[in-house]
Amino acid sequence: MLDSTMLLAFITACFFLAIVPGPTVTIIVANALSRGIKGGLGTILGAQIAVLLMVAIVALGLEAVISVMGNAFFWLKLLGAAYLIYLGWKMIRNRSGLKFDQSLADGRTMREYVLQGFLVTMANPKALLFLGAFLPQFIDTQQAVAPQIMILGLITVTFFATIDSCYALAASKARNLLSQQRVAILNKLSGGFLIFGGAWLALQQKS
Numbered sequence: 002m003l004d005s006t007m008l009l010a011f012i013t014a015c016f017f018l019a020i021v022p023g024p025t026v027t028i029i030v031a032n033a034l035s036r037g038i039k040g041g042l043g044t045i046l047g048a049q050i051a052v053l054l055m056v057a058i059v060a061l062g063l064e065a066v067i068s069v070m071g072n073a074f075f076w077l078k079l080l081g082a083a084y085l086i087y088l089g090w091k092m093i094r095n096r097s098g099l100k101f102d103q104s105l106a107d108g109r110t111m112r113e114y115v116l117q118g119f120l121v122t123m124a125n126p127k128a129l130l131f132l133g134a135f136l137p138q139f140i141d142t143q144q145a146v147a148p149q150i151m152i153l154g155l156i157t158v159t160f161f162a163t164i165d166s167c168y169a170l171a172a173s174k175a176r177n178l179l180s181q182q183r184v185a186i187l188n189k190l191s192g193g194f195l196i197f198g199g200a201w202l203a204l205q206q207k208s
């Protein structure tokens, strides 16, 4: 169903996106520092449940958009490519690092960690906006859209859950693995990749 070349590009993009610490990673790391790996994993579980819910929303929404817009969907994908370039530029320009607030993670049960991860992710409108811009770049509009989006969404969740688990494990073992300098380097590398990927996707729309 999914083109192998586009699928490989999607997997590569997911990897670079997943390694960049964001707001959810901040909470995951704070919880891992406070309670250990279990606190981090509980937060990750809640966050990925929220991402799956967002993917389902995107999948259902795209089916409706394509049926109404037809060929105009080309412009939606072009806007999505532009959004990726914008995100990449913001990552490169970002001078701030990852900050920890261990008070956010104290005295909570595992269920509360899961709920916290879910709410933090759902409360971030940029997450849904990003998924809505990112996932459509890799689908074939001549085939059923919703199944493709769900497959890509599952791949996304797998990558983010794996990388976030590595952050949680690292935070529970050694705080210095997530130094300000290393976060800044990750931001610049991944930002450059996003700009390149967005430009490539924009050129693909023309061919």
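Just add 1 to wherever you are in the sequence shown, counting from 1, and you've got this note's numbering.
Just so you know, even glycine gets a beta-carbon here, dropped at the ideal spot from N, CA and C.
All values reported here derive from a predicted model rather than from experimental measurement.
Span separating the alpha-carbon of residue i from that of residue j
i      : j      : result
PHE197 : LEU54  : 29 Å
LEU34  : THR25  : 14 Å
CYS167 : ALA31  : 14 Å
PRO1   : LEU136 : What is shown of the chain runs 2 to 208, which leaves residue 1 out entirely.
LEU130 : ARG36  : 32 Å
GLN138 : SER173 : 36 Å
TYR87  : MET123 : 22 Å
LEU79  : THR142 : 14 Å
ASN95  : TYR114 : 28 Å
GLY43  : ILE150 : 26 Å
Cβ distance (whole Å) where residue i is taken to contact residue j below 8 Å
i      : j      : result
ALA169 : GLY41  : 3 Å
PHE161 : GLY47  : 13 Å between Cβ atoms; not a contact.
ALA14  : ILE164 : Contact doesn't hold; Cβ gap of about 13 Å is too wide.
ILE93  : GLY192 : 4 Å
Sequence-distant residues of its chain with Cβ nearer than 6 Å to residue i (five each side left out)
i     : result
TYR84 : ALA134
Other residues of its chain near residue i: CB distance less than 7 Å, five sequence neighbours each side excluded
i     : result
VAL1  : No answer is possible for residue 1: it lies beyond the span of the chain, which begins at 2 and ends at 208.
ILE38 : ALA169, LEU170 and SER173
Endpoints, alpha helix (DSSP H) assigned at residue i
i      : result
ALA14  : 5–19
PHE1   : Because the chain spans 2 through 208 in this model, residue 1 falls outside it and cannot be assessed.
GLN149 : 146–174
Cβ shell of residue i (< 8 Å), same chain only, five flanking positions each side left out
i      : result
LEU132 : VAL52, MET55, VAL56, VAL59, GLY154 and THR157
LEU8   : PHE139
LEU116 : GLY47
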